[in-house]
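Student: Mind having a look at this structure? Questions to follow.
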Amino acid sequence: MTELVSEAGTVCALLADGSTVSLRPAGPADRERVLRLYDAMSADSLRNRFFMVSRRHKTERGGVLLDLRGAHAVRTAYRDLTARLGPAMTGALVQPMARRGTELLADHAARLAPLTDTDVHELLTAPRCAPLLLGHRGAEPVDLASLKDLLARLSQMADDLPELAGAECNPVIARPDGSTVVDARVRLLPRRATDPYLRRLP
């Protein structure tokens, strides 16, 4: 559900709750209103957030700015993006930043959708990096159930939508109290004829 808010206190409350807040000026006159909203927000609400621009891929446009601390840094970033991107600057998205952690790269596992519960479990526990998720060297284990739920939902989406040619969730931040998909991209192609036989791995 989308809720339109204009009061700084409401925005701060949403950010404190871990919500994503999209600030979208409707026109040039609204840009100053957005900046006034930033001014009125508390320092806690402006700390450890990232600020991104909608349209195309954000990093390719130089529209992802991390760790903006305080109203002055946010105002400066907003003005810079507005001047640099011009009409492509359709708004700003403010989200909580994740704590520093361990990045898991270059480790793969594959199963055929639709996934069974066993498939989902093996996708998470079979890779060599799995111990890092399960509490390696005294670290607190991540919420594996939330990752399993994410994989199950992706599997169901792939099975329900023949047009789905690919889906990428990158990064996925796994924490002891849940998981968050920070960015996702989905690719659709025209629907092809359905194979009447059971799909299987070669």
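Its first residue numbered -13, the sequence shown is counted upward by one per residue in our numbering. Don't be surprised by glycine CBs; every beta carbon is placed ideally from N, CA and C.
Tell me the rounded alpha-carbon separation between Ser141 and Ala92.
Tutor: Their Cα atoms are separated by approximately 21 Å.
Student: Considering only residues of the same chain and omitting the five flanking positions on each side of Pro100, which have a CB-CB separation below 8 Å?
Tutor: For Pro100, where only same-chain residues beyond five positions count, the Cβ hits under 8 Å are Ser141, Gln142, Ala144, Asp145.
Student: How is the beta strand (DSSP E) around Leu133 delimited, first residue to last?
Tutor: Element bounds for Leu133: not the beta strand (DSSP E) but the alpha helix (DSSP H), 130 to 146.
Student: Looking at C-beta atoms only, is the number of pairs between the region 156 to 173 and the region 117 to 137 that lie closer than 8 Å three or more?
Tutor: Cβ pair count under 8 Å is three or more, so yes.
Student: Since Thr88 sits in a beta bridge, which residues does DSSP pair it with?
Tutor: Its beta-bridge partners do not exist; DSSP assigns none.
Student: Ordered along the chain, which non-local residues of its own chain (more than five positions away) have a Cβ less than 6 Å from that of Arg171?
Tutor: Hits under 6 Å: Glu154.
Student: Could you spell out where the alpha helix (DSSP H) holding Asp66 opens and where it closes?
Tutor: That run of the alpha helix (DSSP H) goes 57 to 71.
Student: Going by the DSSP bridge assignment, what does Gly152 pair with across the sheet?
Tutor: DSSP, once it has assigned bridges, lists Arg173 as partnering Gly152.
Student: Here's the rule: buried if 16 or more other CB atoms are within 10 angstroms of the residue's CB, otherwise exposed. What is Gly49?
Tutor: It is buried - the Cβ of Gly49 has at least 16 other Cβ atoms within 10 Å.
Student: Between the C-alpha atoms of Thr68 and Met75, what's the straight-line distance to the nearest angstrom?
Tutor: Straight-line Cα distance between these residues: approximately 6 Å.
Student: Given this structure, state the Cα-to-Cα distance separating Ala112 from Ala125, to the nearest angstrom.
Tutor: Their Cα atoms are separated by approximately 19 Å.
Student: Going by DSSP, which residues form a beta bridge with Pro160?
Tutor: Before going on, a small fix: residue 160 reads as Ala here, not Pro. Ala160 pairs with Ser165.
Student: Starting from the C-beta of Leu174, find all residues in its chain whose C-beta is less than 7 Å away, skip the five residues before and the five after it, and write them out in chain order.
Tutor: Within the same chain, Leu174 has close Cβ partners Glu149, Leu150, Ala151.
Student: Distance check for Ala59 and Asp53, CA to CA, integer angstroms please.
Tutor: Answer to the nearest angstrom: the Cα atoms are 9 Å apart.
Student: Only counting the same chain, and skipping five residues up and downstream in sequence, which positions put a Cβ closer than 8 Å to that of Arg70?
Tutor: Correct list, in chain order: Gly48.
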